[in-house]
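Enquirer: First, the structure itself, so that you have it in front of you.
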Amino acid sequence: MRAWRPILAVTALSVVLAGCGGRSDTGETPAAADGPWSFTDGSGQVVKADKIPTRIIAHAGEAAALMSFGIKPVGIYSDEPVKTDPNLRNLDLTGIEILGEEWGKINVEKAAALRPDLIVGDWWPAEKAHSGMEEGVDAQSKKLAELAPVAGVTQGKSIVALAEGYEDLAESLGADVDKPEIAANKTRFEEAVTAFKAATAGKPGLTVAAMSPADDKMYVANPEYAPELLDLQSWGLKVINPGSPDPGFPYWENLSWENADKYQPDLILWDGRSFTPTANAEWGGKQPTWFKIKAAKAGAAVSWPAFWLHTYGDFAIELNKLTEAVKAADPNVGN
Amino acid sequence: MTATTHPATAPTGTAASALRGNRRRRRARSVLVTCALTVAVAALFVLTMMVGSFRIGAGEVVASVLHLSDNPSVDFVVRGLRLPTAATALTVGLALGASGTIFQQLLRNPLASPDFVGITSGAGFAAVTGIVLLQAGGLVVSGLALGGAVVAGLLMYVLAWRDGVTGYRFILIGIGASVFFDGLVGYVLSRARLFEARQAMHWLTGSVGQASGDELRLLCAALLVLLPVAVLLQRPLRALELGDDAARTLGTRPDLSRAGLLATAVVLVALAVAVAGPIVFVALVAGPIANRLLGPATGGIVPAALVGAALLLTADLVAVHLMPTPLPTGVVTGAVGAPYLLWLLATTNRQGAGG
Amino acid sequence: MSATSRYATRTPARGGRRAIALGPGLAALGVLLAVVAFLSITMGSRSIGLSEVLRALGNLDTDGSITSTVTLELRVPRTLLGILVGAALGVAGAILQGVTRNPLADAGFMGINSGAAAFVVVAVTVLGVRGVGVYIWFAFAGAIAALALVYAIASLGREGATPVKLALAGAAVTAGLVSVTTGIVMTNVDALNELRFWQVGSLAGRYTPVLTGVAPFLLLGLAASLGFGRALNGLALGEDTARGLGQHVTRTRAAAFAVVALLAGAATAACGPIIFVGLVVPHLARLLCGPDYRWILPYSMVLAPIVLLLADVLGRVAAAPDELQVGVVLGVIGAPAFVAIVRYSRLSEV
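Protein chains in written order, with UniProt numbering: chain A, 1 to 335; chain B, 1 to 355; chain C, 1 to 350.
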């Protein structure tokens, strides 16, 4: 037991702190170190600081949003292993401390050693909490909020609003959002929206439904609780609102496989978390009634980015895929 | 059907002086073991607070806990993060150890610990139902766990009652009930999705890190009241072990004492479950280990509680610091406890008490 | 175990007289099962007219319409699976209660569910297996392995696998396996998702491949189980008496466990852990036909699918167009049944 050895705590601590600090200072945005700084959090409260925060700890998707504007956090916590988190794929995480890879568990000791001056997490209005600090997490995880002020944008009705919120936050933190390579993301996104609108306008009769098949039943997403679907609806795509969502869990309507054909869209938006290019054929072989959805039979299915988007760049990529699918879709497949 | 693990407590045909000497020796050993255990638990308690993402010296830890030093970063880590976890492990361990040994002695069977006979499962079922169906959190979950444990305990007692409660019938019914409750927990979980499900799963894994300050304070208060009560009831408990008639001759009121002991044990285990979730096997093994250390002076509630605390502190150290990824404490106690149970099975077998 | 004297005095006196009524009773239950099976094919979360169902059944081949697909490819295999799995669980429960002389014995008691769950999780994480059609075989293997382990541990020692030792070994093995499963699941989201689907206990989503996969094992087990009536009657009298009657107690017990492993293992693998059926139905059977296992086994075999299918139909009709898993329905109606059993059966004689 090496821990028995007497250690001069103060020395140890300062060494550790200095070590962490030195390592992750690299790659930081050169922001005007002056303040004062303030930001209106999703909860409605104004978060203030004397100086502009530079040492930020962020939840996975929020970290991706900040990084897209050139703000590199010093620490990240996520709800699943960072390797599988869709928010973090294709991101260079070197130099960023991973503080948690499981819901409810954040290593606050490590977080403290990073000496953060801002914690960034989405504000969830229904749970009245920031990401990672909801009811039921480890008591320790909630203490993250004691290290630094917490700020985030409200999760709600629109991914665009979410992305804009993080743009504002990044700008307040000193990001140069007009820098060509950063602004390019937004331009690409705006172009993608224009193209998407044109595609939907060209197919006025096209209806889609967002679906997620599972082994025992299938789920139809309720756009009212899916901000990205609300965005798509606002751009002219006719996403079917399911008639009777589960009262206890209104994100979905649950359909038994006997009722798989209840909705007959022209194009299926397939839950992106389980979509693969061969999924449609596989489910057709596995579930006798899957091909009773005419769009499935016709192979008209496209991945839908369910519940995770935070950035213009990611949304643009996903939107372009949807635009292609809409263009290729036959508006007379369903009813 | 006789439980034979406790050596005969009543010496026969010994001279009075030898008896006195014997008793003195037993008391001396009991005091010695209790003191040694206290020191060990205290050392583990401090050690738990020394290790983590970075090490802090023992002196520094003690100074910080006692508010003798003023170093904000050390204080945040020690008092803010590590002390609650360590205190949870300590108090939950004490509660489980005490409760387990009371059950085992009352039912005169080393297998009759609350996590084995459905009381922990009952508490867990009530808590998970609360989380999933009532969106409960914090102290409400504790209250539900307490209610669940009391109901499960009463249910078991009523079901197993037939001219008194004998050990093995109680255990068989208890195991049946815990399978039943675990099944119900599975169904409740399957009804929940995403948010509540992950909260309930998180709670169910049994971990000393998840308690909030309120729950911990409740358990501390309960321990401060109930441990002395348990010590006061130690004498009647010994008397009850000799049988109700003998207990009556020794001036104990069997039913009253039994009810008091059961209530104490159920409340302790329920609060422990409420704070840390279901942590298996600590209650089962604490008593027998303490008895082994105590030698002839078996049955002490305080030593068993201390063994429980030492076990849980060690399990937490192993689960959080020695594993490649931190695991819930309950996983470690389960993985260690199962072989112990099998060993117990083998030895029970040799003594021919297999029922 | 002093509890057996009552069985001993009752069995010979009543057995003969009862048998006269028991045969027709069993036939009547068989008719009831046929009615329930018919209900299970005609009723569901989708309302299909009786005439359409009959036409689909008459064609025996899908004509491509959704009604015939639902009837022939969803409801018929589901109903057949329900009958087989129900019968298997009922008989397995009856045998276990007889062999262990524990009225609360159930396959879940013996580590079957935790063994199957552990193997499913390992299959998902280590071998990357997906989908119910593949991992039922891992679940089957896990269930059998756990049961074998429990039996082996309980058999250590001179007096063999006594009820209490079986219960304890079951609890110990369950605890160990649950620890392993939890440890893996906490670090692997995929495993958690697959496990949560499997753990519900449902007849939905299992079609002809699953049915044809497990049916041979279930049929074999069911056929074999009917030969155990006399042996179980002997064991019910107590081991010593059974031995005195010339029975090989250890051999009987081992054979009975092999049959239980086959039945409960295949049933659990196909549908996930379904409790209550194996626990409750043998008691219902005992209420109807008395303590003679030669009757309890066939009665359980017919009663259990009736209960399971009724619960399944209820879950399908009550929540349409969604459906409730049969395990959930059984959980709700099983709790009062459990209390009733404990109150009215001879539990106090354990």
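We treat Cβ as the ideally placed atom computed from N, Cα and C, and that holds for glycine.
Taking the alpha-carbon of residue 324/A as reference, which of 305/A, 200/A, 136/A has the nearest alpha-carbon?
Expert: Checked all of 305/A, 200/A, 136/A; the closest Cα to residue 324/A is 200/A.
Enquirer: Report the rounded CA-to-CA distance for residue 142/A versus residue 88/B, giving the unit in angstroms.
Expert: If you take the alpha carbons of residue 142/A and residue 88/B, they lie about 16 angstroms apart.
Enquirer: Bridge partners for residue 178/C per DSSP, in chain order?
Expert: The partner list for residue 178/C (beta bridge, DSSP) is empty, contrary to what the question assumes.
Enquirer: State yes or no: is the beta carbon of residue 129/B nearer than 8 angstroms to at least one beta carbon in chain C?
Expert: No, no contact with chain C.
Enquirer: Here's a check: name, in chain order, each residue in its chain whose Cβ is nearer than 6 angstroms to the Cβ of residue 336/A, leaving out the five neighbours to either side.
Expert: As displayed, chain A neither begins before 1 nor continues past 335, which places residue 336/A out of reach and without an answer.
Enquirer: I'd like to know whether the C-beta of residue 95/C is nearer than 8 angstroms to at least one C-beta of chain B.
Expert: Chain B, which has no Cβ nearer than 8 angstroms to the Cβ of residue 95/C, makes this no.
Enquirer: Mapping DSSP to helix, strand and coil, what is residue 321/B?
Expert: Residue 321/B falls in the helix class under three-state DSSP.
Enquirer: How would you write the range of the alpha helix (DSSP H) that residue 267/A sits in, first residue to last?
Expert: Premise fails: residue 267/A lies in the beta strand (DSSP E), 267-271, not in any alpha helix (DSSP H).
Enquirer: Excluding the five sequence neighbours on either side, which residues of its own chain have a C-beta within less than 8 angstroms of the C-beta of residue 274/C, listed in chain order?
Expert: The residues are 85, 89, 201, 267, 268, 308, 326, 327, 330.
Enquirer: Is the CB of residue 54/B under 8 angstroms away from at least one CB in chain A?
Expert: Output row for residue 54/B: interface = yes.
Enquirer: Could you check the C-alpha separation between residue 288/B and residue 110/B for me, to the nearest Å?
Expert: Distance between the alpha carbons of residue 288/B and residue 110/B is about 7 angstroms.
Enquirer: Keeping to the same chain, check which residues put their C-beta closer than 6 angstroms to that of residue 239/B; ignore five residues upstream and five downstream.
Expert: Around residue 239/B: 247, 250, 252.
Enquirer: Could you check what DSSP says for residue 32/A in three-state terms: helix, strand or coil?
Expert: Because residue 32/A sits at a pLDDT of 49, beneath the cut-off of 50, its placement in the model cannot be relied upon, and the following sentence gives the value as read from the coordinates. In this structure, residue 32/A counts as coil in the three-state DSSP scheme.
Enquirer: If distances are taken between C-alpha atoms only, which option among 49/B, 242/B, 260/B, 236/B comes closest to residue 74/B?
Expert: The shortest C-alpha separation from residue 74/B is found at 49/B.
Enquirer: Going by C-alpha distance, which of 185/A, 190/A, 137/A is nearest residue 211/B?
Expert: For the residues 185/A, 190/A, 137/A, the minimum Cα distance to residue 211/B belongs to 137/A.
Enquirer: Between which two residues does the alpha helix (DSSP H) containing residue 233/C stretch?
Expert: Element bounds for residue 233/C: 229-236.
Enquirer: List the residues that DSSP assigns as beta-bridge partners of residue 154/A.
Expert: BP columns for residue 154/A point to 123/A.
Enquirer: DSSP state of residue 252/A, grouped into three classes?
Expert: Note: residue 252/A maps to strand in three-state DSSP.
Enquirer: Closest Cβ-Cβ distance between residue 22/A and chain B: below 8 angstroms?
Expert: Note that residue 22/A scores 36 on pLDDT, short of 50, meaning its location in the model is unreliable; the coordinates nonetheless yield the value given after this. So, not an interface residue.
Enquirer: Closer than 8 angstroms, Cβ to any Cβ of chain B: which residues of the segment 117-139 of chain A, in chain order?
Expert: Under the 8 angstroms Cβ criterion, the segment 117-139 of chain A contributes 127, 134, 135, 136, 137, 138, 139.
Enquirer: Between the alpha carbons of residue 191/A and residue 162/A, how many angstroms are there, rounded?
Expert: When rounded, the distance between both Cα atoms is 18 angstroms.
Enquirer: Would you say residue 306/A touches the ligand FMN, meaning its beta carbon is less than 7 angstroms from a heavy atom?
Expert: Of the ligands one can find in the structure shown there are none, so the ligand FMN has no counterpart to examine.
Enquirer: Per DSSP, what kind of secondary structure is residue 258/A in: helix, strand or coil?
Expert: Looking at residue 258/A - three-state DSSP - the assignment turns out to be helix.
Enquirer: According to a CB-to-CB cut-off of less than 8 angstroms, which residues of the segment 65-89 of chain A neighbour chain C?
Expert: If the cut-off is 8 angstroms between Cβ atoms, the segment 65-89 of chain A has 80, 81, 84 near chain C.
Enquirer: Where does the unbroken alpha helix (DSSP H) through residue 281/B begin, and where does it stop?
Expert: No alpha helix (DSSP H) contains residue 281/B, which DSSP labels as neither H nor E.
Enquirer: Return the CA-CA distance between residue 350/B and residue 242/C, expressed in angstroms with no decimal places.
Expert: Residue confidence is low: residue 350/B scores 48 on pLDDT, short of 50, so the model does not pin down where it sits. Its coordinate-derived value is still stated next. Cα to Cα, residue 350/B sits roughly 23 angstroms from residue 242/C.
Enquirer: Determine, using beta carbons only, whether residue 161/A comes closer than 8 angstroms to chain B.
Expert: So, not an interface residue.
Enquirer: Starting from the beta carbon of residue 257/A, find every residue of chain C whose beta carbon is closer than 8 angstroms, and list them in chain order.
Expert: Ordered by position in chain C, the residues that pass the 8 angstroms Cβ test against residue 257/A are 74, 204, 205.
Enquirer: Report yes or no: is there a C-beta of chain C within less than 8 angstroms of the C-beta of residue 368/B?
Expert: Nothing can be reported for residue 368/B: it is not among the residues displayed for chain B, which extend from 1 to 355.
Enquirer: Would you mind working out which of 324/C, 264/C, 319/C sits nearest residue 114/C, comparing C-alpha positions?
Expert: Of 324/C, 264/C, 319/C, the residue nearest in Cα terms is 264/C.
Enquirer: Residue 191/A versus chain B: which residues are under 8 angstroms apart at the beta carbon?
Expert: Near residue 191/A there are no residues of chain B at all, since even the closest Cβ is about 34 angstroms away, more than 8 angstroms.
Enquirer: With a CB to CB cut of under 7 angstroms and the five nearest residues on each side skipped, what residues in its chain are close to residue 32/A?
Expert: Reliability fails at residue 32/A, whose pLDDT of 49 lies under 50, so the model's placement of it is uncertain and no value is given.
Enquirer: How about residue 337/B and residue 29/B: are their beta carbons less than 8 angstroms apart?
Expert: Result no, Cβ atoms of residue 337/B and residue 29/B do not sit closer than 8 angstroms.
Enquirer: Is it a yes or a no for the segment 75-82 of chain B touching the segment 262-276 of chain B, going by three-plus beta-carbon pairs under 8 angstroms?
Expert: Contact between the segment 75-82 of chain B and the segment 262-276 of chain B is absent, because fewer than three Cβ pairs lie under 8 angstroms.
Enquirer: For residue 347/C, count neighbouring C-beta atoms within 10 Å of its own C-beta (all shown protein chains included) and say buried if the count is 16 or more, exposed if not.
Expert: Note that residue 347/C has pLDDT 46, beneath the 50 cutoff, so the model's placement of it is unreliable and the number below is only indicative. It counts as buried.
Enquirer: Is residue 346/B close to chain C? Criterion is C-beta to C-beta, closer than 8 angstroms.
Expert: Yes, its Cβ sits closer than 8 angstroms to a Cβ of chain C.
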